[in-house]
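*Asks:*
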Amino acid sequence: MKKRTTQILLMFLLILSFITQSYALEIPGYEGGIQNQTTYKEVIFITGEPIVLEGTVTIRDHGDRITYTYRKLANPKMNTTLTRNVTLTRETTTDGKDQKQEVLTLDKYKETINANGVRYETDEEQYPWSKAMVFHEKPGATYFAGNWDGRKTYTINKNQGTVNVESQGTVVGYDHNWGATNTQSIVHFIEYNRRINNADNGGEDVSWEGTAEVNVVHNRTKDYHYEANTPTQISFRGGYLITEKEENIVKYSYDLPRVAEDGSVLRGRNSSSSSFTLDTNPINKRLSIPTLTDISGHAAEKDILLLASLEALYPSGSNFGPSLPMSRGEFARALGVILGIEKQQEETTRRRTIQAQEPSTLFVDVPAVDPNQPYIEAVFEKGIMKGIGQDHFMPNQSITKAEAVVAIIKAIGFENLAPIQQYSTGYRDDPSIPLWARDAIYLATELELLEGNTNDYFQPNRALTKTEAVDMLTRLINYLQKDIRYDYRERILNY
Amino acid sequence: MLSPYKKISIVLITIILLQLIPYQAFGLEALTPHPTYNGLENGEKLYQNIQFNDIENHWGKTAIQEAAALSLMTAAANQQFQPNNSLSRLEGLTTLVKAMGLEEEAQRLGEQQAPANQRNIVILSTADHWGKGYLQVALQNGIVTPQEANQITNLTPQQIENLQEQVDDRMTAYEDRDLTPAELTNLQNQIRDQLETRATWGQPVSRQQMAAWMARALNLEGLYANNMLKINQFNDRTQIDTEKLPLVEAILQKEIMSGTSDTNFSPRQSVTRGEMARMITKVQEELLETRGLIKKEGEILSIEDLQHEGAGKKVFTINNDDNSKNLIVTGIFKDGTRTSKHDFPVQKQGTLGLSNTLRKGDWIRYYINQNNEVIYGAVDTQPMTELEGFIETIDTANQQLIMTDFQNKRHILQTQPAAKIQINGKDTSLADLLYGMEVAVTLKNNKITDIQGYLEEDPDRHGYIPPGTRVKVGDVLFISSDTVEINHGGNRERYKITTNTRILRSERPANLFEIKTGDRVMLFFDDIYSPDIATIRVEDHERHLDGIYRGQIEQIDQRNKEVILKNVYTYQQGKWTKYSQDQVKLKAEGDLLYEGSTKVSLKDLSSRKDQEAYVAVENSYGVPRIAKLLLKQGSSTLHQSTISDIQYGTSRMVVDNVGFTFHEGTIVVQNNRLVDMLNLDLKQTVHVVGDVARGNRNASFVSIEYTGMLEERIDQTRLVIYRGTVADIYDYGITLGRLGYRLDYLKLEDNQWTETSGRRRLTLSEDTFIFDSELKKEIESTYFIDTRFIDPEDIEDRELRRRIENNFYLGKGAYFVVRETDMDGETYEEVLALNLTPKAIHEGGKLHIEHSAIGEIGDINIDNETITLNNVKLWNSLNKRWETSRTGETISTDRAVILLNDTPINKDELHKLRSKAKAYVVKSKNVSTGDDAYVIIVEQ
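Those sequence lines, one after another, are chains X and P.
Residue numbering for the first sequence follows UniProt numbering, beginning at 1 and increasing consecutively.
Residue numbering for the second sequence follows UniProt numbering, beginning at 1 and increasing consecutively.
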């Protein structure tokens, strides 16, 4: 167990150290279970009542093949145990741009449930199943969706009858630097047919139908807190802490028969809903302590400090200049850091040819020594911001409000969600908003990535001040942390 | 030992390098992302050298200026170009060699072969030596063929004789000098050489010869057979040398030369210097790359003055036709003590000048040498044309476009690499243009620089979004039949509910009245502007409050966002009861944490340990979570009464003759939901927990008691219960009759049975639930609506069949559960459920044995058909108020009709009732069996 925990911890550390966009969050157990570092939980319905089982699962992903090994799943109160071994094969195709498709098929399957002395068994012969997924990789986030269908037949005590479970699942989610959500909705239709051998009257037929809906949400969250130091005689007042953890929720509702002790069906139905949660232990990371002298008491002080702690803002000296214009280079860096996109220098070549050759850069005005360089190049390569002229980025030129909003919307990949044709963004200076920025400004307003309401002036062509940039970027962080999760989690679980 | 030229070139290179240094330090790169070029060093001198006073009225003036500015041809004499003089063969070849960029090579060659001068006597000048070099380079590069050279240098005996005479004549000048025979021979050779060259290469060049040389310089293939198109129009073509004819054809097709008239080419006529200037300007365009020149053209965007190191400069910003930008800097450049002046000749409207003649907006064509210097610029009056039409074909590989204009004329067009392409004003690429799309195309230099595509717009679809994709999420602050106001991101926003608005909860249709204040809703819109809601989705019971706790803060976990409370009490029925657990762990993910009226953070709470707090707790996926927390301040009092006065402006209300201040932090609960304090209203029955601090009494927790199940609901419907007899039954109708001789039928009003008179006809429907509580049997509504058409054999139950057959129910007593809907002033009354009670006929006097109770659903026992109610309140008809019953109550449902959200359910559907749902029960005292419930109305 210790080893397992260490493995998981290591995995987390890896995620923390270089958050890769390709890391797609998988719900453990493709059938709607949840787990944290120590426990796996899922709910089954085939006996006629919901039974929550607890145990462990081991998932091995070999790329083209995934194996799930469920061990010691049990519910002692309900006198139920389950073992299951699954092997899936995966075929991946990409369009070479930003899309990826996966087709999963069931290769091997074995499941045994012992419930109150009744044994339910099934294997791959009895279980046609397939799943298809599509991934859309946008610069700042990957979105995905998928569906699966399966029809499983269990034998009851080998020869007493069968349980048919027809299941449809849909999966939808996203993954970005500030969190990931994978929501799975599964609908089961269960047909139960059993002949109970009874010494007294020679036997009794039991049959019933039931439905169940299981919603599973796997959630990775990243949160920030300001930790003030208790002593006042310390060189720094406090600093930010990033906490990352996973929240896993199962919410299920069902309409099942009322089943008596002996397996017979009683009058009325058993329908209700319930939910349970498993969280992982949080993993913390302390951020650097920025020393800025000109923002104490500023309305956006906390936000500026946060972004500076994340090194999204990287002032060269001890002054920040909150009302000065934000430069293109600074904005590219901030966006790059927040979205976790940075151009990685090839370590090996650098090590071998020590200072022998200048690392090549994309822009003549962004040298390799520029601390913003990896972010500027990443932001450019991902298509979030454009260069100017030939080989230039003009990192010291100011960025306009319209340009900044367009960059943010492109980063989260929502540029195509705007209304078509002509429309008003609602701002009082709507006619002065250039066409190329209109969609982004509309969307950013709708998603509340912008301060103020549409009765105001937007002033699209004005240089963005640092305070405004900080406001926009903190809203982006909060959006990525919370609002988008609401759309994927609560909307599916609660509405 | 370095040759002087090598020395010069080293010096030149050093100068160039030195120039680069101040240029970089100058840091124009910080100002511009675009390539920067300087004016030509000594460009002003060049300009002065090529000012000719004999070309003003010459037809080839601009070509001559251009050829001279590009250093392809030089003055013939001081300030003279002599355009009408014939061009020598040597001049022709020299010009070609220069255009090929081989000038330096030629000069070096000539220099290497130069014989030493004899005692300061100069016969052959540098020009003569270089001339030799040019000839050799021309030969080496195949411009001149050896045969041609032979032909030209082959002199007739007469010519040789004349030449010898001239040599002898020249030699007489050196006879009396004391020269050795060897020196004399040398001199003689030099003189002969000079004279020979003049007689051969110095002779005028013929047109056909020049054509051949140019063709070879351009590497043109000679054109034969069917490819001969142009030469045939000339009658004198027969005079062209056979081997030159294909080359003349190639030059003609390139439009470098044309005939001397429509019918004559005049192959043997000599070429003038003016003509050569015109031809070489065309030839050099093809040889730019060979010569190492870059040609660009574009519009001057701006001209700025710049001061640097005390010297003035001019910066021209040019937007090139490929959409790239360049800067050209002219003026004085300083490097230490060295000062240089950079400028370049500019031809504008036929006049040669310097860069100061350039103006903003000029369309300039300019040439850049290998030192990144602009050597020459020409301002052309660039024709800009616009075309409108429809796209026919797009070839993205070749960046080509075929379009048909409105005159049905086809155009095959080439796009500039960086042409601006937009559709409906939005940037796009060539690949996004569609067949048949209407476009307006701007052409410069016959290449597309701008494409504006138009997609037809349907004015009805402006701002179109797929229906239901605009979403607002918020807590309901206020809701009526046509409006909902939500708290959206701290703002109050109001939207319209129309007859088309759908209401959904957990993917199931719901009634409008099921939406309560405090519910979180998602509003979906079909349009980006519309306030009309298409769909309302109501959050399910997940966010309903689980309870109200009071406890001391024990621990705060900021990272996991958790609060641990100790000494916990729960609020129940106006009382604080000790909670079963000693300590409770609550999630604290929201931000509704208050100390008085101010919001506090979780961090602030960590310094409030042991302080008591009121907490509204909701269930979050199996884990209790803080919905709202208020720190307790001072000692508390508990009151239960109606609000007798309330003022929102001063946030004060009076309950139980005690004044309270309510504020942002006050926990106000109604229907198990947290609601805004503005939902407090006069005459509401409330439970108030008040804290007295510094003489001020603050309302910390207010529970608005629910009584309104039979009151008018937001969708303008209400439920009414009547107690009467079945006076008449007819098609989908029923008439309510008197209960007895002295007692009219009764209506449950304000929880009291009130005698009501007047004929009341109610609507029955197929969906009316009809129940015989004596037989405890449901009667299918079809049997009841009209017995005339029923075959009683269909009814299995014998007793029921007998009753139906005998019209048994007429005149018998019943509970009528009626839904009243106000529609345009008319009231529509439909019976939702009818509970027939044949035995319990009440004769005389008023009924007091029936009473009402409200409570929350607890356990449901399907086998016994009983429901346990918690938090029961009984109506006290003497005091006319609800009185709390201390214990839960188990009700038998076997005689009752049950309505769940206005839908009748039978006893097998009891599992649909959710625990904590509000129930209103009409009960009748029964001495022998305890209380019998006759009507149970449940809302969940």
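Yeah, the Cβ is synthetic: ideal placement off N, Cα and C, and Gly gets one too.
If we call anything under 8 Å between Cβ atoms a contact, is P:Asn320 one with P:Gly336?
*Replies:* It is not a contact, given that the beta carbons lie outside the stated cut-off.
*Asks:* P:Glu856: which of P:Glu865, P:Val872 and P:Ile862 sits nearest, CA to CA?
*Replies:* The option with the nearest alpha carbon to P:Glu856 is P:Val872.
*Asks:* Report the residue from X:Glu42, X:Ser296 and X:Ile46 whose alpha carbon sits nearest the alpha carbon of X:Val259.
*Replies:* Closest option to X:Val259, Cα to Cα, is X:Ile46.
*Asks:* Along chain X, in chain order, which residues have C-beta atoms closer than 9 Å to that of P:Lys912?
*Replies:* Per Cβ cutoff of 9 Å: Arg269 and Ser271.
*Asks:* If you follow the beta strand (DSSP E) that P:Asn38 is part of, which residue opens it and which one closes it?
*Replies:* Looking at the DSSP string, the run of the beta strand (DSSP E) that includes P:Asn38 is Thr36 to Glu41.
*Asks:* Given this structure, state the Cα-to-Cα distance separating P:Thr156 from P:Lys254, to the nearest angstrom.
*Replies:* If you take the alpha carbons of P:Thr156 and P:Lys254, they lie about 37 Å apart.
*Asks:* Out of X:Thr211, X:Leu241 and X:Tyr143, point me to the one whose CA is closest to X:Gln101's CA.
*Replies:* When only C-alpha atoms are compared, the closest one is X:Tyr143.
*Asks:* By the criterion of Cβ-Cβ separation under 9 Å, what are the contact partners of X:Lys251 in chain P?
*Replies:* Near X:Lys251 (Cβ distances below 9 Å), the residues of chain P are Glu542, Tyr621 and Gly622.
*Asks:* If I'm right that P:Leu674 touches P:Ile646 with Cβ under 8 Å, what's the distance once you round it to whole angstroms?
*Replies:* Going by Cβ atoms, the distance from P:Leu674 to P:Ile646 rounds to 19 Å, so no, they are not a contact pair.
*Asks:* X:Ser432 CB to nearest chain P CB: under 8 Å?
*Replies:* It does not: the Cβ of X:Ser432 has no partner Cβ on chain P nearer than 8 Å.
*Asks:* Quick one: what's got a C-beta closer than 6 Å to X:Pro128's C-beta in the same chain, skipping five residues either side?
*Replies:* Same-chain partners within the cutoff: Arg151.
*Asks:* In chain order, what residues of the same chain lie with their CB nearer than 7 Å to the CB of P:Ala727, ignoring the 5 residues before and after it?
*Replies:* Excluding residues within five positions, the ones whose Cβ falls inside 7 Å are Thr735, Leu736 and Gly737.
*Asks:* At the 8 Å Cβ level, is P:Gly844 part of the contact set with chain X, yes or no?
*Replies:* In this prediction, P:Gly844 scores a pLDDT of 46, lower than 50, which makes its location untrustworthy; the coordinate-derived value is nonetheless stated afterwards. No - not a single Cβ of chain X is within 8 Å of the one on P:Gly844.
*Asks:* Does any residue of chain P bring its CB to less than 8 Å from the CB of X:Tyr486?
*Replies:* Judged by the 8 Å Cβ criterion, X:Tyr486 is in contact with chain P.
*Asks:* Give the list of continuous beta strand (DSSP E) stretches no shorter than 3 residues that lie fully inside the stretch 87-132 of chain X.
*Replies:* List check, beta strand (DSSP E) in window: 99-115 and 118-123.
*Asks:* Whole angstroms is fine: what's the gap from P:Phe816's alpha carbon to P:Asn567's?
*Replies:* If you take the alpha carbons of P:Phe816 and P:Asn567, they lie about 49 Å apart.
*Asks:* Any idea which residues DSSP pairs P:Phe513 with across the strands?
*Replies:* Its beta-bridge partners do not exist; DSSP assigns none.
*Asks:* Interface residues of chain P around X:Asn36 at Cβ under 9 Å?
*Replies:* Those do not exist, as X:Asn36 stays about 13 Å from chain P at its closest Cβ, beyond 9 Å.
*Asks:* Does any heavy atom of the ligand FMN sit closer than 7 Å to the C-beta of P:Thr821?
*Replies:* Questions concerning the ligand FMN fall outside what the structure shown contains, since it holds no ligand whatsoever.
*Asks:* Relative to the C-alpha of P:Thr685, which residue among P:Leu899, P:His663, P:Thr666 and P:Met653 is closest?
*Replies:* It is P:Met653 whose Cα lies nearest to the Cα of P:Thr685.
*Asks:* X:Tyr495 CB to nearest chain P CB: under 8 Å?
*Replies:* Closer than 8 Å to some Cβ of chain P, the Cβ of X:Tyr495 qualifies, so yes.
*Asks:* Specify the secondary structure class of P:His541 as computed by DSSP and reduced to three states.
*Replies:* Of the three classes helix, strand and coil, the one that applies to P:His541 here is helix, per DSSP.
*Asks:* Find the nearest neighbour of X:Asp483 within the set P:Gly474, P:Thr351 and P:Asn491, judged by alpha-carbon distance.
*Replies:* Nearest option by C-alpha distance: P:Gly474.
*Asks:* Count the other C-beta atoms from every protein chain shown that fall within 10 angstroms of the C-beta of P:Ile116, then say buried if there are 16 or more, exposed otherwise.
*Replies:* Ile is not the amino acid found at residue 116 of chain P; the sequence shown has Ala there. Exposed is the call here.
*Asks:* So the candidates are P:Thr725, P:Gly551 and P:Ser601; which of them puts its Cα closest to the Cα of P:Asp582?
*Replies:* Considering only alpha carbons, the answer is P:Gly551.
*Asks:* If you run the structure through DSSP and keep just helix, strand and coil, what is P:Arg761?
*Replies:* P:Arg761 falls in the strand class under three-state DSSP.
*Asks:* Bridge partners of P:Leu401, per DSSP?
*Replies:* DSSP lists P:Ile394 and P:Leu413 as partners of P:Leu401.
*Asks:* DSSP puts P:Leu593 in a beta bridge; with which residues?
*Replies:* Paired residue(s): P:Leu629.
*Asks:* Can you find a CB in chain X that lies within less than 8 Å of the CB of P:Asp908?
*Replies:* Closer than 8 Å to some Cβ of chain X, the Cβ of P:Asp908 qualifies, so yes.
*Asks:* Taking DSSP's pairing of strands, which residues face P:Gly101 in a bridge?
*Replies:* According to DSSP, P:Gly101 bridges with nothing at all.
*Asks:* Please list the residues of the stretch 558-573 of chain P that have a C-beta atom closer than 9 Å to any C-beta atom in chain X, keeping them in chain order.
*Replies:* Within the stretch 558-573 of chain P, the qualifying residues are Gln558, Arg559, Asn560 and Lys561.
*Asks:* Look at the alpha carbon of X:Arg489 and the alpha carbon of P:Asn398, and state the distance between them as a whole number of angstroms.
*Replies:* Between X:Arg489 and P:Asn398, the C-alpha separation is close to 49 Å.
*Asks:* Which same chain residues, not among the five before or five after X:Pro257, have their C-beta less than 7 Å away from its C-beta?
*Replies:* Closer than 7 Å at Cβ, skipping near neighbours: Gly48, Trp208, Gly210, Val265, Arg269 and Asn270.
*Asks:* Determine the closest residue to P:Pro267 out of P:Glu485, P:Arg505, P:Thr756 and P:Gln208, with distance taken between C-alpha atoms.
*Replies:* Nearest C-alpha to P:Pro267: P:Gln208.
*Asks:* Name the two residues that bound the continuous beta strand (DSSP E) containing P:Pro904.
*Replies:* Unbroken beta strand (DSSP E) run through P:Pro904: Thr903 to Ile905.
*Asks:* Here's the rule: buried if 16 or more other CB atoms are within 10 angstroms of the residue's CB, otherwise exposed. What is P:Lys923?
*Replies:* It is buried - the Cβ of P:Lys923 has at least 16 other Cβ atoms within 10 Å.
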